[in-house]
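One structure is given below, encoded as structure tokens.
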Amino acid sequence: MEAGMYDLDVLIQGFPGKTAYHGGLGWSTVALLRGEGHSVLLDTGGYNCRDLLVSKLRDLGLEPADVTDVVLSHCHWDHILNFPLFTSATVHVPASELAWASQQPTGTWYLPELHVERLASDPKVHRFQDGEDVLPDLRALATPGHTPGHSAFVTRTSSGPLIVAADAVKNQAELVTGRTDLTLDAEQSRRSIEMVRDLASQDPATTIVCGHDRLLGIEGGRVVYRSELAAVLKARLSADFDAETVFDLTAAVGVT
Numbered sequence: 006m007e008a009g010m011y012d013l014d015v016l017i018q019g020f021p022g023k024t025a026y027h028g029g030l031g032w033s034t035v036a037l038l039r040g041e042g043h044s045v046l047l048d049t050g051g052y053n054c055r056d057l058l059v060s061k062l063r064d065l066g067l068e069p070a071d072v073t074d075v076v077l078s079h080c081h082w083d084h085i086l087n088f089p090l091f092t093s094a095t096v097h098v099p100a101s102e103l104a105w106a107s108q109q110p111t112g113t114w115y116l117p118e119l120h121v122e123r124l125a126s127d128p129k130v131h132r133f134q135d136g137e138d139v140l141p142d143l144r145a146l147a148t149p150g151h152t153p154g155h156s157a158f159v160t161r162t163s164s165g166p167l168i169v170a171a172d173a174v175k176n177q178a179e180l181v182t183g184r185t186d187l188t189l190d191a192e193q194s195r196r197s198i199e200m201v202r203d204l205a206s207q208d209p210a211t212t213i214v215c216g217h218d219r220l221l222g223i224e225g226g227r228v229v230y231r232s233e234l235a236a237v238l239k240a241r242l243s244a245d246f247d248a249e250t251v252f253d254l255t256a257a258v259g260v261t
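Under this note's numbering, think of the first position of the sequence shown as 6, with each following residue one higher.
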């Protein structure tokens, strides 16, 4: 790896789906940057992926205590619930996002109030501003809409420029169309997506980390996949304990 660059590992690949009757899936992307003397977790997922997250870190030779920094894009439950696992890490959160989340009433379904309270009351939590270098060569980029204080991040990896869009661009459909689902301000989201799209278009080697999809890029004005997407559900739908029905949700890999 060259000096001044990070290596990217996607620990958990997000999925662009939701249920019709059982609430949100919360299958969000969790990524790891290593370099500059840091092991940086980008969002942390929800409780549903806690064991998997630790297992993926161990596959790379890391324990939770080895993570030096946890960088949060916003305060939704499917992105922040696991930050308490990383007791040695400095937690970084957008200042405007934390201020907004702290003012929302108890019971706001997408905000885990106890986690938000812990972030807000901890003086060691780094509250960063738009345009700030959160860490060396990792710059915050305000991308409001999904939430008022949502932040993306830009850096360089050994494979090229990287935009960690998180839920500013949840999936390829949002990147292509500028339309959004589950956003608090659709017009702000559209502008944030346009900003990410314009930034990614400047270099065809740029990779976009979406909050709920595979890695994407833009080449010649077209959205391309930089990784595969796979998701499988298993269910016991009969009285036979050994009989599992498998639902393969894997999307076809190709070019939009």
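Every residue gets a Cβ at the ideal spot worked out from N, C-alpha and C, and that includes glycine.
Residue i versus residue j: straight-line alpha-carbon distance, rounded
{"i": "proline 209", "j": "glycine 112", "result": "43 Å"}
{"i": "leucine 143", "j": "valine 201", "result": "15 Å"}
{"i": "valine 159", "j": "glutamate 249", "result": "43 Å"}
{"i": "aspartate 203", "j": "glycine 222", "result": "11 Å"}
{"i": "glutamine 207", "j": "valine 229", "result": "15 Å"}
{"i": "valine 162", "j": "glycine 42", "result": "It should be pointed out that residue 162 corresponds to threonine in this sequence rather than to valine. Each residue's alpha carbon lies about 14 Å from the other."}
{"i": "glycine 50", "j": "leucine 65", "result": "18 Å"}
{"i": "arginine 39", "j": "leucine 13", "result": "7 Å"}
{"i": "alanine 145", "j": "asparagine 87", "result": "21 Å"}
{"i": "alanine 104", "j": "valine 237", "result": "37 Å"}
{"i": "proline 117", "j": "serine 33", "result": "16 Å"}
{"i": "lysine 273", "j": "tryptophan 114", "result": "For the chain, the structure presents residues 6 to 261; residue 273 sits outside this window and is missing."}
{"i": "proline 110", "j": "phenylalanine 246", "result": "43 Å"}
{"i": "alanine 205", "j": "glycine 226", "result": "10 Å"}
{"i": "glutamine 108", "j": "leucine 189", "result": "15 Å"}
{"i": "glutamine 193", "j": "arginine 184", "result": "11 Å"}
{"i": "serine 126", "j": "tyrosine 52", "result": "22 Å"}
{"i": "aspartate 74", "j": "serine 44", "result": "6 Å"}
Per DSSP, the bridge partner or partners of residue i
{"i": "threonine 92", "result": "Partner(s): none; threonine 92 has no beta bridge."}
{"i": "asparagine 72", "result": "The displayed chain sequence assigns valine, not asparagine, to residue 72. Its beta-bridge partners do not exist; DSSP assigns none."}
{"i": "threonine 212", "result": "Leu167"}
{"i": "proline 99", "result": "Phe133"}
{"i": "isoleucine 198", "result": "Per DSSP, none; premise fails for isoleucine 198."}
{"i": "leucine 220", "result": "Val214"}
{"i": "threonine 250", "result": "Ala240"}
{"i": "leucine 1", "result": "With the chain represented from 6 up to 261, any question about residue 1 goes unanswered, as that position is not in the structure."}
{"i": "valine 228", "result": "Ile223"}
N- and C-terminal bounds of the beta strand (DSSP E) containing residue i
{"i": "lysine 61", "result": "Taken as a continuous stretch (DSSP letters only), lysine 61 belongs to no beta strand (DSSP E), being part of the alpha helix (DSSP H) at 55-64."}
{"i": "valine 159", "result": "156-162"}
{"i": "histidine 43", "result": "43-47"}
{"i": "alanine 36", "result": "35-40"}
Residue i classed as buried or exposed, judged by whether at least 16 other C-beta atoms fall within 10 angstroms
{"i": "methionine 6", "result": "Caution applies to methionine 6, whose pLDDT of 41 falls short of 50 and renders its modelled position unreliable; the value that the coordinates give is listed next. Methionine 6 is exposed by the Cβ-count criterion."}
{"i": "phenylalanine 91", "result": "buried"}
{"i": "lysine 129", "result": "exposed"}
{"i": "histidine 27", "result": "exposed"}
{"i": "glycine 19", "result": "buried"}
{"i": "valine 258", "result": "With a pLDDT of 42 at valine 258, under the threshold of 50, the modelled position of this residue cannot be trusted, and the question is left open."}
{"i": "leucine 332", "result": "The requested residue 332 is not part of the displayed model; the chain covers only 6 to 261."}
{"i": "proline 99", "result": "buried"}
{"i": "valine 260", "result": "Bear in mind that the predicted position of valine 260 carries a pLDDT of just 39, short of 50, making it unreliable; the figure below should be weighed with that in mind. Classification of valine 260: exposed, given that the 10 Å Cβ count is below 16."}
{"i": "lysine 175", "result": "buried"}
{"i": "proline 141", "result": "exposed"}
{"i": "threonine 24", "result": "exposed"}
{"i": "glycine 216", "result": "buried"}
Whole-Å CB distance - residue i paired with residue j, under 8 Å assumed
{"i": "histidine 155", "j": "alanine 178", "result": "Going by Cβ atoms, the distance from histidine 155 to alanine 178 rounds to 18 Å, so no, they are not a contact pair."}
{"i": "valine 35", "j": "leucine 220", "result": "Wrong, their Cβ atoms sit about 13 Å apart, outside the cutoff."}
{"i": "serine 93", "j": "valine 72", "result": "7 Å"}
{"i": "aspartate 83", "j": "glycine 31", "result": "4 Å"}
{"i": "leucine 46", "j": "valine 76", "result": "7 Å"}
{"i": "alanine 157", "j": "serine 78", "result": "7 Å"}
Span of the alpha helix (DSSP H), counted from its first residue to its last, around residue i
{"i": "alanine 240", "result": "Per DSSP, alanine 240 belongs to no alpha helix (DSSP H); it is in the beta strand (DSSP E), 237-240."}
{"i": "leucine 119", "result": "118-126"}
{"i": "valine 181", "result": "177-182"}
{"i": "aspartate 14", "result": "Taken as a continuous stretch (DSSP letters only), aspartate 14 belongs to no alpha helix (DSSP H), being part of the beta strand (DSSP E) at 12-17."}
{"i": "histidine 81", "result": "From DSSP, histidine 81 is part of no alpha helix (DSSP H); its letter is neither H nor E."}
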